[in-house]
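Peer 1: Below is a structure I'd like to ask you about.
2 protein chains.
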Amino acid sequence: MNDFKHLLEPRSIAVVGVSDEAGRPGSQAVRALISNGYKGQIYPVNPKYTEFDGLKCYGAVSDIDAQIDLVVIGVPAKGVIPVLKACAEKSVPYVVVLSGGFRESGPEGVEREREMLAIARAAGIRIIGPNCLGFANIHSQVFAAFGSITREPKLKKGGVSLVTQSGGFGYSLALACADADIGFRHVIATGNETDVDTVQLIEALLGDNETEIILAYIEGTKDGRALLDVGKRALAVGKPILLWKGGVTEEGARAAASHTASMTGSYDFYRALFKQTGIVEIREIHETVDFLKAFAAKKYPANGAMAVMGVSGGSAIVFADAGEPEGLHLANLAEQTERLLTEVVPNIGAVHNPIDLTAGYFSASNRDKLRTAIEVTLADPGVDALCLNLATTGSAGSTAAAEVIANVAKDSAKPVCVFSSAPRDQIADASRLLAAAAVPLFPSPSRAAKALAVLTRYGAARREAKRSEYGESSAAPSSKDDLRGWAGKLSEAQSKDILSRAGIPVTRDVLLSDADDSLPEKLSWPVVVKIVSPDIAHKTEIGGVKVGVRDPKELESAIAEVRANAQFHAPEAQIEGVMVSQMVKDGFELIAGVVNDEVFGPVVVVGAGGIYAELMRDSSCRLAPFDENVGRQMLDELRCRPILDGARGKPALDVDAASKALAALSRFAWEHRDAVSEIDINPLFVLPQGVLAADALIVPMPFPGH
Amino acid sequence: MNDFKHLLEPRSIAVVGVSDEAGRPGSQAVRALISNGYKGQIYPVNPKYTEFDGLKCYGAVSDIDAQIDLVVIGVPAKGVIPVLKACAEKSVPYVVVLSGGFRESGPEGVEREREMLAIARAAGIRIIGPNCLGFANIHSQVFAAFGSITREPKLKKGGVSLVTQSGGFGYSLALACADADIGFRHVIATGNETDVDTVQLIEALLGDNETEIILAYIEGTKDGRALLDVGKRALAVGKPILLWKGGVTEEGARAAASHTASMTGSYDFYRALFKQTGIVEIREIHETVDFLKAFAAKKYPANGAMAVMGVSGGSAIVFADAGEPEGLHLANLAEQTERLLTEVVPNIGAVHNPIDLTAGYFSASNRDKLRTAIEVTLADPGVDALCLNLATTGSAGSTAAAEVIANVAKDSAKPVCVFSSAPRDQIADASRLLAAAAVPLFPSPSRAAKALAVLTRYGAARREAKRSEYGESSAAPSSKDDLRGWAGKLSEAQSKDILSRAGIPVTRDVLLSDADDSLPEKLSWPVVVKIVSPDIAHKTEIGGVKVGVRDPKELESAIAEVRANAQFHAPEAQIEGVMVSQMVKDGFELIAGVVNDEVFGPVVVVGAGGIYAELMRDSSCRLAPFDENVGRQMLDELRCRPILDGARGKPALDVDAASKALAALSRFAWEHRDAVSEIDINPLFVLPQGVLAADALIVPMPFPGH
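Sequence order for the protein chains is A and B.
The first sequence begins at 1 in UniProt numbering and counts up one residue at a time.
The second sequence begins at 1 in UniProt numbering and counts up one residue at a time.
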């Protein structure tokens, strides 16, 4: 891990490519450093000048007679390599390449970027960019940047650090936050990410004491596992990550390809990763602002029971409408709470939730009553958070109310938030009071509900992370098979044998080889008969499966039939024999499997079986490995989930066993990630007692043990 | 229909309940009328005063020696009835009751509200309220209101009329619009809606020349059919309705019950109605602002092909991400278009969509180039709308660009919109230029995409409305059955017989009565055997159905078995006989049905059959009657829809026939809406050719012909 200390906090900066021509990136950087009062050394570089904006200007990096922490390169693409070589000679540790004309511009640029990276690697230089807006350290007035980052409005200091692949769109997030008076620590636009990438920077920011929350925009990552790890560490240290994933649709991916040429992974895998790490996905600019405000207090609801207090019934309805699909509900207040509220809420109001204080309640004279109302509500053990509607009561009333709210909120372990649709100027004073107390103020009840839902989920992810560390899993121990010898193809029998040892129950099968086609022992009628061949992946399609075989006579003819069909449809296939399996009834069919993704590594997928699985896309996934609690969450996300509880009078099915099987599968896939390319268990029957894999296929890596 | 002319545009207003006490609603109304310069007569009423704020004050309504168009009542609840009686004597046509203390306050209030309505009905008085904020006519400075409606900020004149059941939350919509410089015509808060309701007011606004677009917040309506009709008329006259439905979740509904005690219908039915009328559902305050801006130009994309032009690849990705789930896609530009763009777009930019003009392009010197770029893009027949990103290029550049955009947009039949995340003050001039040309300016690419998607869907609804008028339906003519004689229970045989005559194909059945239990003719094996009794609704559960009956011998025993089972499980049931039906294979099972809802009338529902239907809630509904195009839309909304196109090598199924069957069912349900309470067709098989209802049940109204 690199903390990038002298990258983000450089003691000296050389800027190559300053010029009197308007708009040159290097000039913008130098001017921003000067005007913002950067305290370190600034070395402008341009052989044509001896002075630039009052600073001594150098002919080349090599002319600078001092240690340089950071070189900012803003010359045209063709000139970048020579400058980088000079940096290498001078042992410069960090370089920001603002210039475009690399990978994004065609074959010549691809070659140039490759050469640049090779030089940097050889010299131990770490590069931000190329083709980027650069970065700024708002606390230390470092501006290794150009364009919007160096222009008005100036960001104020704060605890948010932004890392973005897209400078243009990413910085618009910062501007929206600035408009809402949110302050920043670092703002970093990474462009092509030829060397330093978003994930590495987030990792470094976890170690930065001034960074309290991380905001990121990414179009893709080449290493999903690194993102998973950094996400888990962020959760552990309590620094929330708010992440916008660009390029999530076909259209988006297409536009991504023409933009920074990033590798875009599957959105489903990203979303699984977000769930496993508590990363908060953002999809709108105003959400970014709302969620940053919400996280400022670092208080998370223990559950989804919300109390709403205000003067508009309509607003409470809108709050409830927006919260319910996000997992929130209106808390049931205790009798004691309602009794205490009765003493401070007017008769024409309501002391049940939503609590109606009645119009005009917010006033200086009602301060004590309001304080009591808030305190008794927060004290109710059935209330996880409180949301107040600061209605349009004019400036004096809202200020008086905000004073009380801010005071009570400070001492409360439960989150308190406010929404108000009053005009900005009417609640300017109230806004300031609330912001100072880290009480978020939202512009609508629905946005308040969504922000509280995000806090609730984040709190749950924190608790879950503390509980479930890999290693404490209750999943069965995985197989000790040495899989290096795999030939590249595994039959159903081999696959089930391996999975069985990995802790996944499989149907009782008897493999009949050519030599002894006799009746199976230990199986009860009816049975299923299947051809066994590593060369036949889809047995059903070629007539290689017979179900419902009821007696020895039917068995004999079934065996003959599947053999004949295999011979007819796949004459070249190597036939290992015929498998006779116990026939499963009274279960529900799931499909479970593993995709060993290039970016995300092994991912476990589960879905409803049969025709609906494919067509209705009822599936859920998580990155392996995980424990049975995560397995249960996956099942809970399926639309077919209610069926497992026993539909139409049928018995409830064994969700525990299914959860454990998924965890076992995830552990197996993780431990054999170098050897396993894909796994399909289809179907995985969930029974009233236990689960059974009735068919399975493990596809090894093309080059095992690579 | 009532145009409420002298309600919303009164020539004289009496206000009962003025007082020097601070905050009295009547006083607020009079002062708002005076300070805003209302041109008509104002008559304050309070026996304690002879003058109020410089106006002559009257002792009672009866003391006013002139015709009064509108009386505003702001006295406490107990005093309302006497005032209303005085209004009746004076033949006052309209009254606004601001006072609370009616239905929402308990049994006494319910009785008071009933008495008030009776007096009004008898006297022909129309009432707004009670328990409401009242209304304002912003064009004529009418303020029959109190509270936030009469306070700062003053709304500016414009073409938006707001009708809201919730004064508090509803007016927050107006405030958000005011902040975005959107102007208003009428703002009406209806409260308890004891007489005049939201739907009637929307209907009146359709006839108001100054109202161009209608914004509404409702928690419930007692007459879904009236809303359907007014929605269809609004679509026909081209006045968009933006509607926020509060109380859509269980939680929301619960809060609703304690608020205005409105009757809340099913949200699914509302959403079906919105689709059938082009009503735009809003669920966020900022959406309200975005969509109002978007509708201002009255131009709708012909389809979902969007061109995006700007300088940030990231923003284009975000636009595409947000648009795709809403039905938008990035247009493929014609070769000709790209060639023409090459002449005006810098080499390092992109002439394919999204079009990258490159940073710094927006400047006074590039005016002509920008104009050409926009014009050739809009001229491309494959482009339905254009969205420009006004990046953060400073004030001069954005103003120059806005001038060009505004000019070209005026002459374009296709919608042009702009998004920008630049700080407000940097684009203040650009904003004004764009607003003057009705070019909407959105704060993010995703919000631009969502607004364009709404315009696209509204345009499609307009075209659909012109095409499909009820009466031109291709659905089969409905049954002429006289259903008045129904006894309250219908057997499967009777139900299928009736539906068959209504144009819905049913399985070939033979009903065997006690007398002649002989083999059926005209049926091919296998067959299904079912008990027939109006007293047994769920035949399968009692063993009253045998499927796959293969020969005469099996038939004989099947008949005996279902009779025995019926006798055992339902000894009291009247048995009409046994039905032998053709067994359907190779089809997909749907469930189709009708719910005759108290609020919405007959609604047709269709869903996937079998266990998945119930558990996965895969269904779609529309208000009857409708034609087969709407039937097809319903099927298209089902998650199981791909199965109908032929899954896993199976033949495609007859979607046309299924659509026609739904249309026929809808027509039948509509024509017999006074007699039919419920219809279930389960299953409705969709076959490669045609559809077949294999079982059906019609539940008549408890009191037929009521």
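Glycine included, C-beta positions come from ideal geometry on N, C-alpha and C.
1) With three or more beta-carbon pairs closer than 8 angstroms as the criterion, would you say the region 192 to 207 of chain A touches the region 99 to 112 of chain A?
2) Classify F274 of chain A: buried if its beta carbon has 16 or more other beta carbons within 10 angstroms, exposed otherwise.
3) Can you pull out the residues from the region 197 to 221 of chain A whose beta carbon lies closer than 9 angstroms to at least one beta carbon of chain B?
4) What residues from chain B crowd round L175 of chain A, counting only those whose CB sits closer than 9 angstroms?
5) Would you mind giving the Cβ-Cβ distance between L328 of chain A and A449 of chain A, rounded to the nearest angstrom? I have them listed as a contact below 8 angstroms.
6) Does V61 of chain B pass the burial test, meaning 16 or more other C-beta atoms within 10 Å, or should it be called exposed?
7) Please name the residues in the region 236 to 249 of chain A whose beta-carbon is closer than 7 angstroms to at least one beta-carbon of chain B, in chain order.
8) Look at the alpha carbon of G231 of chain B and the alpha carbon of Y270 of chain B, and state the distance between them as a whole number of angstroms.
9) Within 10 angstroms of its Cβ, does T150 of chain B collect 16 or more other Cβ (buried), or is it exposed?
10) Would DSSP call A558 of chain B helix, strand or coil?
11) Quick one: grab the DSSP three-state call for F143 of chain B.
12) Let me see if you follow: with CB-CB separation under 8 angstroms, is S398 of chain B close to chain A or not?
13) I need the boundaries of the alpha helix (DSSP H) containing T164 of chain A, first residue and last residue.
14) For T211 of chain A, which residues of its own chain have a beta-carbon under 6 angstroms away from its beta-carbon, when the five flanking residues on both sides are left out?
15) Below 9 angstroms on C-beta distance, what does A29 of chain A contact in chain B?
16) Would a C-beta distance cut-off of 8 angstroms place A29 of chain B and V72 of chain B closer than the cut-off?
17) Taking 7 angstroms as the cut-off, is the C-beta of V549 of chain B nearer than that to any heavy atom in the ligand FAD?
18) Please go through the same chain and pick out, in chain order, the residues whose beta-carbon is closer than 8 angstroms to the beta-carbon of Y458 of chain A, but skip the five residues on each side of it.
19) What does the alpha-carbon distance come out to for the pair A307 of chain B and D179 of chain B?
20) Is any beta-carbon of chain A found at less than 8 angstroms from that of H259 of chain B?
21) Spatial neighbours of R508 of chain B within its chain, please: CB distance less than 8 angstroms, with the 5 preceding and 5 following residues excluded, ordered by chain position.
22) For S491 of chain B, count neighbouring C-beta atoms within 10 Å of its own C-beta (all shown protein chains included) and say buried if the count is 16 or more, exposed if not.
23) Using only the alpha-carbon positions, how far apart do V18 of chain A and K48 of chain A sit?
24) Once you ignore the five residues that flank C57 of chain A on each side, which residues in its own chain have a CB closer than 8 angstroms to its CB?
25) Are N596 of chain A and R667 of chain A touching if we call contact CB-CB under 8 angstroms?
26) Would you mind stating whether G183 of chain B and K222 of chain B have Cβ atoms separated by less than 8 angstroms?
27) Between A:S12, A:G23 and A:K410, which has its C-alpha nearest L33 of chain A's C-alpha?
28) Does the region 647 to 658 of chain A come into contact with the region 680 to 692 of chain A, if we say contact requires no fewer than three beta-carbon pairs (one atom in each stretch) closer than 8 angstroms?
29) To the nearest angstrom, how far is the alpha carbon of N354 of chain B from that of T456 of chain A?
30) With contact counted as at least three CB pairs below 8 angstroms, one residue from each stretch, are the region 331 to 350 of chain A and the region 398 to 410 of chain A in contact?
31) For V72 of chain B, go through chain A and note every residue whose CB falls closer than 9 angstroms to its CB, in chain order.
32) Within 10 angstroms of its Cβ, does H538 of chain B collect 16 or more other Cβ (buried), or is it exposed?
33) Which ranges would you report for the alpha helix (DSSP H) in the region 616 to 673 of chain B if only whole runs of at least 4 residues count?
34) Kindly confirm or deny that the region 317 to 332 of chain A and the region 439 to 453 of chain A touch, where touching means at least three C-beta pairs closer than 8 angstroms.
35) State buried or exposed for A515 of chain A, treating a residue as buried only when at least 16 other CB atoms are found within 10 Å of its CB.
36) By DSSP's criteria, G607 of chain B is part of a beta bridge. Which residues make up the other side?
Peer 2: Taking the geometry as given:
1) yes
2) buried
3) Y217 and E219
4) For a Cβ distance threshold of 9 angstroms, residue set T392, S421, A422 and P423 of chain B lies close to L175 of chain A, ordered along the chain.
5) 6 angstroms
6) buried
7) G246, G247, V248 and T249
8) 12 angstroms
9) buried
10) helix
11) strand
12) no
13) Run containing T164 of chain A: none in the alpha helix (DSSP H); it sits in the beta strand (DSSP E), K157 to T164.
14) S161, R185 and L205
15) Neighbours of A29 of chain A in chain B, taken as residues at a C-beta separation under 9 angstroms, are lacking, since the least C-beta distance is about 15 angstroms.
16) yes
17) Among the components of this structure there are no ligands whatsoever, and the ligand FAD is therefore not found.
18) P240, G278, V280, F295 and Y300
19) 29 angstroms
20) Note that H259 of chain B has pLDDT 37, beneath the 50 cutoff, so the model's placement of it is unreliable and no number is given.
21) K522, L523, S581 and Q582
22) buried
23) 10 angstroms
24) V18, P44, V45, N46, Y49, T50 and E51
25) Not a contact, by the Cβ cut-off of 8 angstroms.
26) no
27) A:S12
28) yes
29) The sequence given here has Pro at residue 354 of chain B, not Asn. C-alpha separation (whole angstroms): 38 angstroms.
30) Remark: fewer than three beta-carbon pairs, one from each stretch, lie closer than 8 angstroms, so the region 331 to 350 of chain A and the region 398 to 410 of chain A are not flagged as touching.
31) Here the premise fails: no neighbours, minimum Cβ distance about 18 angstroms.
32) exposed
33) Here the runs fully enclosed are 628 to 636, 641 to 644 and 655 to 671.
34) yes
35) Caution is warranted here: a pLDDT of 49 is assigned to A515 of chain A, below 50, making its placement in the model unreliable, and the coordinate value is therefore given only provisionally. When all chains shown are included, A515 of chain A counts as exposed.
36) B:I591 and B:S619
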